[in-house]
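Here the working numbering = 1-based position in the sequence shown + 118. Just so you know, even glycine gets a beta-carbon here, dropped at the ideal spot from N, CA and C. Note that this is a predicted model, so its numbers are computed, not measured. Input: a single structure, listed below in structure tokens.
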Amino acid sequence: MFIFVYIYIQLNYFFIRSDMRIALTYNVKKEEQVSIDTHGSIDRPATTSGPAAVASSLKRHDDTYAEWDSWETITALQQAIGLRHDVMMVEANEDAYEMLRSMRPDFVFNIAEGYKGVSREAQIPAMCELLQLPYLGSDPLTLSLCLDKARTKEVLTYHKIPNASFFICDDSSSLNGHALSYPKMVKPLHEGSSKGIYNTSMVHSYTELKDEVERITVRYGQPALVESFLPGREFTVAIMGNGSTTRALPIVEINYDSLPEGVNPIYSFEAKWVWDTPDQPLEIFTCPAKVDPALQRAVETICVDTYRILRCRDWSRIDVRLDEHNTPHIIEVNPLPGILPNEDDNSCFPKAARAAGMSYQELILTVIDISKERWGIL
Ligand SMILES: Nc1ncnc2c1ncn2[C@@H]1O[C@H](COP(=O)(O)OP(=O)(O)O)[C@@H](O)[C@H]1O
Ligand SMILES: [Mg+2]
Numbered sequence: 119m120f121i122f123v124y125i126y127i128q129l130n131y132f133f134i135r136s137d138m139r140i141a142l143t144y145n146v147k148k149e150e151q152v153s154i155d156t157h158g159s160i161d162r163p164a165t166t167s168g169p170a171a172v173a174s175s176l177k178r179h180d181d182t183y184a185e186w187d188s189w190e191t192i193t194a195l196q197q198a199i200g201l202r203h204d205v206m207m208v209e210a211n212e213d214a215y216e217m218l219r220s221m222r223p224d225f226v227f228n229i230a231e232g233y234k235g236v237s238r239e240a241q242i243p244a245m246c247e248l249l250q251l252p253y254l255g256s257d258p259l260t261l262s263l264c265l266d267k268a269r270t271k272e273v274l275t276y277h278k279i280p281n282a283s284f285f286i287c288d289d290s291s292s293l294n295g296h297a298l299s300y301p302k303m304v305k306p307l308h309e310g311s312s313k314g315i316y317n318t319s320m321v322h323s324y325t326e327l328k329d330e331v332e333r334i335t336v337r338y339g340q341p342a343l344v345e346s347f348l349p350g351r352e353f354t355v356a357i358m359g360n361g362s363t364t365r366a367l368p369i370v371e372i373n374y375d376s377l378p379e380g381v382n383p384i385y386s387f388e389a390k391w392v393w394d395t396p397d398q399p400l401e402i403f404t405c406p407a408k409v410d411p412a413l414q415r416a417v418e419t420i421c422v423d424t425y426r427i428l429r430c431r432d433w434s435r436i437d438v439r440l441d442e443h444n445t446p447h448i449i450e451v452n453p454l455p456g457i458l459p460n461e462d463d464n465s466c467f468p469k470a471a472r473a474a475g476m477s478y479q480e481l482i483l484t485v486i487d488i489s490k491e492r493w494g495i496l
């Protein structure tokens, strides 16, 4: 009996455990800053950590760290990667380069959103390139490009991928003289996770437009992106793979009917973080979306084409909305997709993965395998 158990463990070790040394690079939300050693032992502050603290700070509409990950996500990843690999924790701060350099991991699982600037998501991948370390996801160019929503739209327009017409506004005073139709959408040029996008971001008049441009330029210190409003159904599509194996997971639809009465039909910061809580979840997503085969094909095709054009790698999540003729348009591309582990948190990528029959752990281990194959790691 003993010998069988021993053989099973050895086979498991050689054939199932691939045992790479993987560095998990992350930025943790400020409210959840903890002290952590590189092997993942965690020392959390007693009173200010945990999802409840984050939720309560977000409820105060402070979206400063909306893009960064919660401790819950980071530990879930650490646990999932740890099922097959050794995990080393690297906070993506100024010391990250030296840590990666001395650790020399076999692979970097990067979820770090980075510090400041339009290239902030590219910081860890750029370090990995300099150190010649294989890393998960898109390269610095794609990560930076996708964080400039206007530049992304320019590239997509060149390739004839439909997206809302737009202009950029550096200062609300420069709006004078524009003859515009309404409604319009006003967004920060360089943000994600609904940062800066509130219920008021859909504007119906010149006065509202001016107020929103003022809010974005002053509060977020960056230009406002003003887009024509796409009035149709909205979807988000999780994509995995590279080259000919690129595939879309089941489409997620955003249900505006579930939002409180009278609010604008947009997936705003309030919709994502304030009105939808684990205690009182909104039925905000349907996955798989109820779409006829022609629409499913059209949505999947525009997303996979966009993924290829922007040279996304391994995984990304792409937002799409229909115009008044039901033609899909790209809203934006997320090469660092949100991956909240708690089902009640309504995170789109894990939700699409579950609809495809993949647990959270399987999703994480699968994307590592996809990336390993791209890097030619055996
Ligand atoms: N041009 C648009 N027309 C209609 N709705 C839009 C448009 N742009 C954004 N939205 C709405 O605002 C939400 C957030 O915009 P998005 O650019 O995806 O920002 P984020 O990076 O914060 O996710 C979208 O999910 C959608 O509901
Ligand atoms: Mg979005």
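Give me, in chain order, the residues of the same chain whose beta-carbon lies closer than 8 Å to that of residue i; leave out the 5 immediate sequence neighbours on both sides.
| i | result |
| --- | --- |
| Ile-286 | Ala-268, Leu-307, Pro-341, Ala-342, Leu-343 and Val-344 |
| Asn-452 | Cys-264, Gly-310, Ser-434, Arg-435, Ile-436 and Asp-437 |
| Thr-335 | Cys-287, Asp-288, Asp-289, Ser-290, Pro-341 and Ala-342 |
Verify whether the separation of the beta carbon atoms of residue i and residue j is less than 8 Å.
| i | j | result |
| --- | --- | --- |
| Ser-465 | Leu-454 | no |
| Val-417 | Leu-254 | no |
| Ala-230 | Pro-258 | no |
| Met-476 | Asn-382 | no |
| Leu-261 | Thr-424 | no |
| Ser-237 | Arg-431 | no |
| Asp-394 | Ile-384 | no |
Using a Cβ-Cβ cut-off of 7 Å (strictly less than) and excluding sequence neighbours within five positions of residue i, which residues of its own chain qualify?
| i | result |
| --- | --- |
| Ala-474 | Leu-367 and Pro-368 |
| Tyr-316 | Ser-386, Phe-387 and Glu-388 |
| Leu-481 | Pro-468 and Ala-471 |
| Gln-414 | Ile-369 |
Can you tell me which of the three DSSP states residue i falls into?
| i | result |
| --- | --- |
| Phe-132 | The predicted position of Phe-132 is uncertain, since its pLDDT is 48 and thus under 50; a value taken from the coordinates is nonetheless stated next. Of the three classes helix, strand and coil, the one that applies to Phe-132 here is helix, per DSSP. |
| Asn-317 | helix |
| Leu-348 | coil |
| Ser-292 | helix |
| Asp-257 | coil |
| Arg-219 | helix |
| Asp-187 | strand |
| Ala-141 | strand |
| Cys-430 | coil |
| Leu-440 | strand |
| Asp-329 | helix |
| Cys-405 | coil |
| Arg-492 | helix |
| Glu-212 | coil |
Residues in the same chain with beta-carbon distance under 6 Å from residue i, minus the five sequence neighbours each way, listed in chain order, please.
| i | result |
| --- | --- |
| Phe-225 | Met-138, Ile-140 and Pro-252 |
Just tell me which of the options has its CA closest to the CA of residue i.
| i | options | result |
| --- | --- | --- |
| Arg-365 | Ile-372, Gly-380, Trp-433 and Met-245 | Trp-433 |
| Glu-352 | Arg-238, Met-320, Ala-470 and Ile-448 | Ile-448 |
| Val-422 | Asp-410, Arg-435 and Pro-411 | Arg-435 |
| Val-370 | Cys-405, Val-417 and Glu-379 | Cys-405 |
| Thr-270 | Phe-347, Thr-445, Asp-437 and Glu-480 | Asp-437 |
| Pro-446 | Asn-460, Pro-349 and Tyr-374 | Pro-349 |
| Val-392 | Lys-313, Thr-419, Asn-444 and Asp-410 | Lys-313 |
| Gly-456 | Ala-407, Asn-281, Arg-492 and Ile-357 | Ile-357 |
| Ser-209 | Ala-198, Leu-201 and Tyr-233 | The amino acid occupying residue 209 in the given sequence is Glu; Ser does not appear at that position. Comparing Cα positions, the closest option is Tyr-233. |
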